[in-house]
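For reference, the structure discussed in these notes is given below.
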């Protein structure tokens, strides 16, 4: 049986206790994206300042459990200052880490492999600490909430 | 572990009750299962499991259909269950009991049948801030479809209904929809005065009794209610069966809800004639095996006595509230009345700065099962200013060792997440 130490790794608790990039950005010029986890009431409000092809600044507010808060915090640190294309790669890589293989949905047999297959050379760094969440299926949504919200924010920025 | 202050005397032998529930024999993560989520769904005694197996093994045939022995036996069991429910709820007649899937379907039945036949644009429905989504969303749907106004009865700072504005809210309203016991706060709402106020204003009253029927004596006539919804799976019975009690004259005047087999007395190319009560509202093959389980659950509760069930939970709730306050002081907020006379055995709480889900996750390590989340009561969560709470809830098989396990496990969780 997986123990809670697999879930609540020290770095996760650190981000939970001292979340990075908390706050709001003026809208506009920033854009705002909101994500909800209807199951548990977790809520992520994401402010993205996108300058051309770069995520210039990220702020996060909302409320949630340690996993959703830590994942939001780690996500903000990972994408801040990065090109939009790299942020999208991170989203894909993170979802692969959470065992959500997009290629699998498309019937690609190769999706069964290691998360590394989908990482496409992306370095997750601290984010890998969240991999323990996979052993606690109901919490995967907590971990992916911020990333889905980021994806939504980036998509809206492109559509605008 | 220190001995709790004061002896805890409950009105029946909980140890012997526990032996009737096979699931309590298993362990989880190598520890004794401590099930504190009965407000969500209760465990089943062997008698209920056996009753369903017996029905399925020996009398299985569709009800009201076959002219052969086992179909007649199956029908007798099904209608016998209905009579048992009628007596258990204090109905005037078994014709007033319509089986549904659960309370949600019972409320939807009222919303789609009675309300759509009786409410027009500009009419109002009064709901309370402590309702479950099941007693809110059907009225939201009606409001959007018919231009009906939804009015909200607020709660007080001590987690009771604020009846101050009730008369004003009921003015021009056609229905008061209220829970007999909040699934989050545990608050017991006194139904009779609410029914009197509704009737004085010319409105009907619908009672969501999902949390009340399993835990205390209920008398729908004493309540002077018009509609009461209940569900089997929270009262030791199986999933998939619950029901609506309503006054016979109301049911008689209501159009059918779901159309299909069994709910008709005649079908022609140019229309149909609905069946008599209560079958008019029971379309399609009903969960008759589950009805036998529900009947066995009622027998089980009757044998304990509903007064004793209520007393047992009052004692356990009082013990737990005291233990939580003593152990955690103001680190822990309890959302609900402190007076056990005014509340049932569902206790919602939050630690300062620790999310309900994280608490629940750590408790699971100790095989302590509690509910974490918004409890399908998001409007109430907004009033409370929280996104989620942790809820522990008791039933007949819980004892003070379960309450102690909860408190110990919470202490571990608090330490784990300490800033």
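Protein chains in written order, with our numbering: chain A, 21 to 180; chain B, 14 to 432.
Quick reminder that beta carbons are idealized off the backbone N, C-alpha and C, glycines included.
It should be emphasised that the depicted structure is a prediction, and the values quoted were computed from it without experimental measurement.
Fully contained in the region 369-398 of chain B are the following beta strand (DSSP E) runs of length 3 or more, in chain order: 384-386. Distance from the CA atom of residue 222 of chain B to the CA atom of residue 116 of chain B, rounded to whole angstroms, is 8 Å. Of all residues in the region 131-155 of chain B, none places a beta-carbon less than 9 Å from a beta-carbon of chain A. Counting along the chain, residue 82 of chain A sits inside the beta strand (DSSP E) bounded by residues 74-83. The C-beta separation of residue 99 of chain B from residue 309 of chain B comes to about 16 Å, leaving the pair out of contact by the 8 Å criterion.
Take residue 152 of chain B, set aside five residues on each side of it, and the residues of its chain with a beta-carbon closer than 7 Å to its own are 124, 138, 140, 163, 190, in chain order. Residue 155 of chain B and residue 135 of chain B have their C-alpha atoms some 12 Å from each other. In the DSSP secondary-structure assignment, residue 284 of chain B is bridged to B/281. Counted as a single uninterrupted DSSP element, the beta strand (DSSP E) harbouring residue 53 of chain A occupies residues 51-57. Remark: C-beta atoms of residue 192 of chain B and residue 144 of chain B approach each other more closely than 8 Å. Residue 91 of chain A is not bridged by DSSP to any residue. Under the Cβ distance rule, residue 81 of chain A does not count among the residues neighbouring chain B, no pair being separated by less than 8 Å. Per DSSP, reduced to three states, the secondary structure at residue 351 of chain B is coil, with no helix or strand assignment. Here residue 239 of chain B is buried: its Cβ has 16 or more other Cβ atoms, across all protein chains shown, within 10 Å. Between residue 225 of chain B and residue 218 of chain B, the C-beta gap is not smaller than 8 Å, which leaves the two residues out of contact. With 16 or more neighbouring CB atoms inside 10 Å of its own CB, residue 371 of chain B falls in the buried class. Sequence-distant partners of residue 88 of chain B (beyond 5 residues in either direction) whose C-beta falls short of 7 Å from its own C-beta, in its chain, are 76, 77. The shortest CA-to-CA distance from residue 389 of chain B to any of A/50, A/108, A/58 is the one to A/58.
The Cβ atoms of residue 166 of chain A and residue 23 of chain A do not sit closer than 8 Å to each other.
Assignment of beta strand (DSSP E) within the region 38-113 of chain B, counting only whole runs of 3 or more residues, yields 110-113 in chain order. Residues of chain B with a Cβ closer than 7 Å to the Cβ of residue 24 of chain A are, in chain order, 374, 375, 378.
Under the three-state reduction of DSSP, residue 218 of chain B is assigned to strand. Residue 174 of chain B sits in a strand when the DSSP states are folded into three classes. Scanning its chain for C-beta atoms nearer than 7 Å, with the 5 sequence neighbours on each side dropped, one finds no residue around residue 26 of chain B.
Contact residues of the region 51-82 of chain A toward chain B are 59, 60, 61, 62, 63 (C-beta to C-beta distance below 8 Å). Per DSSP, the beta-bridge partners of residue 165 of chain B are B/140.
Between the C-alpha atoms of residue 297 of chain B and residue 255 of chain B there is a straight-line separation of about 15 Å.
At a cut-off of 8 Å, the C-beta of residue 40 of chain B has no neighbouring C-beta in chain A. In this structure, the beta-carbon distance from residue 63 of chain A to residue 400 of chain B falls below 8 Å. Remark: three or more beta-carbon pairs, one from each stretch, lie closer than 8 Å, so the region 370-385 of chain B and the region 41-61 of chain B are flagged as touching. With its beta carbon at least 8 Å from every one in chain B, residue 152 of chain A lies outside the interface.
Sequence-distant partners of residue 422 of chain B (beyond 5 residues in either direction) whose C-beta falls short of 6 Å from its own C-beta, in its chain, are 376, 379, 381. Taking the C-beta atoms as reference points, residue 107 of chain A is found nearer than 8 Å to residue 75 of chain A. Within the region 83-105 of chain A, the residues whose Cβ lies closer than 7 Å to any Cβ of chain B are, in chain order, 83, 84, 85, 86. Under a criterion of Cβ atoms nearer than 9 Å, no residue of chain B is adjacent to residue 165 of chain A; the nearest Cβ is some 12 Å distant. DSSP lists B/221 as the beta-bridge partner residues of residue 192 of chain B.
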